[in-house]
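Numbering (our numbering), first residue to last: 7 to 297.
As structure tokens, then:
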């Protein structure tokens, strides 16, 4: 009997094989029977062996160790990332997930990707050079900024909405998409300056390989949720298309409690004065973050 349902495939994926600890130098392309996801970072960690090279049986312990060893994500951050992947496993009360689980449309895989074509047009799991080249039009300097990433993300969503007759971009997709973008400065940039190295980012996307060959180094300090919150605020603010009279971006607008008056979401002082601090945003990858 052929097993083809998501539940059956997930059950057969639970094969407790020997797990390598990972290596920056020992990169291997996926082989026959290995599975990969629409997420280039997870694929990269599997290619280096920080996650199982076959893409299967990603348990909590394996994920936390892999994220820490490869990227210096602290344990609480790694735990949260693992929990986000677990929702894609159709097995009730599962304690693992696979990279193949993440191919489910409208979870981690979504329309308007920076580097994958929409599922309507074909393969939405593998890197698509045409799509990535269109994204690079907005990432056109060696040092990239959060507004540039915000512009690229907005452009890809608009393109998908215009040309994909089955376009969907659910709140869940928005959360995962934002979480993916915030990963770039965390891993390939300067967190304090909120910048990203374009050469390293491009190498990473094209090869699904940590870009040691072009100067990348693992962060010497642990990366956790405080850094994620900082960059999430910047991304949300940078994607607004609303400006003041001088052309300065106002950030994401929120509604004042006094009615429909628009308020500059990037001004913490103004939000505090109006009692709007503590707004919670569900960022998907990172859980709920108070901004």
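Glycine included, every Cβ here is placed at the ideal spot set by N, Cα and C.
Closest by C-alpha distance to residue i, when choosing among the options
i, options, result
"residue 131", "144, 64, 117", "117"
"residue 71", "57, 62, 63", "57"
"residue 105", "248, 91, 82", "91"
"residue 222", "234, 202, 231", "202"
"residue 86", "97, 73, 95, 98", "73"
"residue 125", "169, 142, 153", "169"
"residue 175", "121, 112, 93", "112"
"residue 128", "67, 156, 44, 160", "44"
"residue 107", "138, 61, 148, 146", "61"
"residue 51", "227, 81, 210", "210"
"residue 138", "53, 114, 33, 213", "213"
"residue 59", "46, 199, 78, 41", "41"
"residue 148", "246, 196, 204, 69", "204"
"residue 247", "83, 34, 156, 47", "156"
"residue 207", "78, 183, 120", "120"
"residue 35", "27, 103, 49", "49"
"residue 46", "236, 32, 109, 161", "109"
"residue 28", "194, 75, 183", "75"
"residue 80", "251, 63, 99, 228", "228"
"residue 178", "94, 158, 68", "94"
"residue 197", "181, 225, 180", "225"
"residue 100", "64, 215, 160, 143", "64"
"residue 89", "96, 78, 142, 102", "102"
Residue i (DSSP reduced to helix, strand or coil)
i, result
"residue 30", "coil"
"residue 278", "Because the pLDDT of residue 278 is 44, which lies under 50, any placement of that residue in the model is unreliable, and the number read from its coordinates should be weighed accordingly. Residue state, collapsed to three classes: helix."
"residue 115", "strand"
"residue 110", "coil"
"residue 255", "strand"
"residue 102", "strand"
"residue 238", "helix"
"residue 3", "The structure shown does not extend to residue 3, since the chain spans only 7 to 297, so no value can be given for it."
"residue 244", "helix"
"residue 215", "coil"
Extent of the continuous alpha helix (DSSP H) to which residue i belongs
i, result
"residue 150", "Here residue 150 belongs to no alpha helix (DSSP H); instead the beta strand (DSSP E) covers 149–151."
"residue 224", "It is not in any alpha helix (DSSP H) - residue 224 carries neither H nor E in the DSSP assignment."
"residue 77", "66–77"
"residue 82", "81–92"
Minimum Cβ-Cβ distance from residue i to chain B less than 9 Å
i, result
"residue 183", "Absent here is chain B; the protein component of the structure consists of one chain."
*Can you check the region 139–212 for any beta strand (DSSP E) of at least 3 residues that lies completely inside it and give the ranges in chain order?*
DSSP runs (the beta strand (DSSP E)) wholly in the region 139–212: 149–151, 201–203.
*asked:* With three or more C-beta pairs closer than 8 Å as the rule, is the region 246–258 touching the region 213–232?
replied: no
*Is the region 153–168 in contact with the region 206–225, if contact means three or more CB pairs nearer than 8 Å?*
no
*asked:* Below 8 Å, how does it come out for the region 177–195 and the region 129–144: are there three or more Cβ pairs, yes or no?
replied: no
*Is the number of C-beta pairs between the region 236–246 and the region 143–158 that are closer than 8 Å three or more?*
yes
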